[in-house]
Amino acid sequence: MTMKQLRKLTVIALVFAFLSVLACPQETQAVQKPPAVQGLKKGTTSNNSINISWRQQDNVSGYQIYRSTAYDGKYKHIKDIAVGNQAFCNMKLNSGREYFYKVRAYASTGSGIVKGKFSKRISAYTKGGTRTAFVRVRANVRSHAGSNFAIRTTLDAGTQVKIVCAASDKKGVPWSRISYKVQGKSKTGYMRADLLSSSGSQQQPVSSTTGTVTASGLRMREQPSTSSRIITTLVKGTKVTILSQVTGKDGQKWYFIQARGVSGRLLKGYAAARYIKV
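Counting in our numbering, the sequence shown tops out at residue 396, every number present.
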């Protein structure tokens, strides 16, 4: 092979290599997944709007806002916020209602977007829901709306509370966020809405009165209903302390009583008034 032919082959090889590079797709720099949004907090609220804000992140394309009406419910994507903004005003909301929010950042790529981790959720409520109410029957106050959450305390029938706003559990059952007092200190929690009344007329507190069980076996229940769970069965002649009385859904009078069970432990519950002699 002559020198001229060798140089020609070398040029052809270089041209081919150059064209091959141009034909192959170039790798783009991988976009880093944004970290979790920090500093999410609520701001000004009105009867129909809630403001939220968070700390701005670098190297992101924007933020996604998610909302739910239940603490552990399904969160719905409601808005994308452009980069450079770190606040959002959620308008056209129901008055006196609790909402939950969480936010995540995203970064755009040539083939789509890379989503970051969600912020911690926050709760906020619109104005207009505060009012006084009374506990209809002895009921539990829970840490969040839902019977699966921890019990904070149990309030007796007739206890006055303040409804802060309406809430709901993940199944859509109505609850109320309430404010109540324990030993003079204000506390907050959640109670099922049907266990609260706008007046205390359904529950009639009475001065502690002693009564005697007249039935051979009187069932003490958690609520004033024959379908409610049985706490214990009191034998005939058992002395009980009547704390209050209420009309059940069956239209009958029930006593909220305190008595010692078979084990000797002091218990509280409801019993049909017709089987207790005062």
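The C-beta atom is built at its ideal place from N, Cα and C for all residues, glycine as well.
Straight-line CA distance for residue i to residue j?
i	j	result
tyrosine 219	glutamine 175	18 Å
valine 389	leucine 314	With the sequence shown as reference, residue 389 is identified as alanine, and valine is not the correct amino acid for it. If you take the alpha carbons of alanine 389 and leucine 314, they lie about 20 Å apart.
serine 345	aspartate 368	11 Å
glycine 230	serine 294	42 Å
tyrosine 193	lysine 280	28 Å
leucine 384	threonine 359	11 Å
phenylalanine 252	glycine 276	5 Å
isoleucine 199	tyrosine 181	5 Å
isoleucine 240	serine 297	19 Å
valine 255	serine 179	53 Å
glycine 228	asparagine 177	15 Å
threonine 356	aspartate 312	32 Å
lysine 354	tyrosine 393	9 Å
threonine 306	glycine 191	20 Å
glutamate 340	glutamine 370	16 Å
lysine 151	glycine 302	49 Å
glutamine 144	arginine 173	Below a pLDDT of 50, predicted positions are generally treated as unreliable, and glutamine 144, at 45, falls in that range; no measurement from the model is reported.
Residue i by DSSP, collapsed to three states: which one?
i	result
leucine 211	coil
tyrosine 243	strand
leucine 313	helix
arginine 378	strand
alanine 223	strand
tyrosine 193	coil
arginine 249	strand
alanine 389	strand
aspartate 287	coil
valine 396	coil
proline 292	strand
glycine 302	coil
glutamine 363	strand
alanine 333	coil
lysine 235	coil
leucine 273	strand
glutamate 216	strand
threonine 176	Inspection of the sequence shows that residue 176 is occupied by aspartate rather than by threonine. Three-state DSSP puts aspartate 176 in coil, outside helix and strand.
phenylalanine 206	strand
lysine 151	coil
aspartate 368	coil
valine 255	coil
arginine 339	strand
Whose C-beta lies closer than 6 Å to the C-beta of residue i among residues of the same chain, with five residues either side of it excluded?
i	result
lysine 386	Gln376
phenylalanine 267	Arg260 and Ser261
arginine 337	Ile348 and Thr351
glycine 335	Thr351
For residue i, which residues of its own chain have a beta-carbon under 7 Å away from its beta-carbon, when the five flanking residues on both sides are left out?
i	result
serine 171	Lys159, Gly161, Gln204 and Ala205
lysine 395	Gly329, Thr330 and Thr332
glycine 366	Pro342, Ser343 and Trp372
valine 380	Thr350
lysine 210	Asn166
Using alpha carbons as the reference points, say which of the options lies closest to residue i.
i	options	result
asparagine 212	Ser381, Thr187 and Gly276	Thr187
serine 167	Val178, Val221 and Asn208	Asn208
glutamine 156	Gly214, Ser237 and Val232	Ser237
lysine 299	Val201, Asp274 and Pro292	Asp274
alanine 257	Ser179, Lys210, Cys283 and Arg310	Arg310
alanine 285	Lys303, Tyr308 and Gly302	Tyr308
alanine 154	Lys233, Lys210, Ser362 and Ala391	Lys233
glycine 290	Val178, Gly264, Ile296 and Ser164	Gly264
threonine 248	Arg339, Ser316 and Gln150	Ser316
alanine 242	Phe374, Glu216, Pro292 and Arg378	Glu216
valine 282	Gly302, Ala225, Val201 and Thr244	Thr244
tyrosine 184	His195, Val178 and Asn177	His195
glycine 202	Lys354, Val353, Tyr224 and Glu340	Tyr224
glutamine 363	Gly246, Thr163 and Ala391	Ala391
proline 292	Gln301, Arg173, Leu361 and Tyr189	Tyr189
threonine 163	Gln150, Gly214 and Gly191	Gly214
serine 304	Lys288, Gln278 and Lys151	Gln278
Please report the Cβ distance between residue i and residue j, rounded to the nearest whole angstrom; I am assuming they are in contact, meaning their Cβ atoms lie under 8 Å.
i	j	result
valine 259	threonine 250	Wrong, their Cβ atoms sit about 16 Å apart, outside the cutoff.
asparagine 165	glycine 246	5 Å
Mind checking if residue i is an interface residue toward chain B, Cβ cutoff 7 Å exclusive?
i	result
glycine 382	Protein chain content of the structure displayed is limited to a single chain, and chain B is not contained in it.
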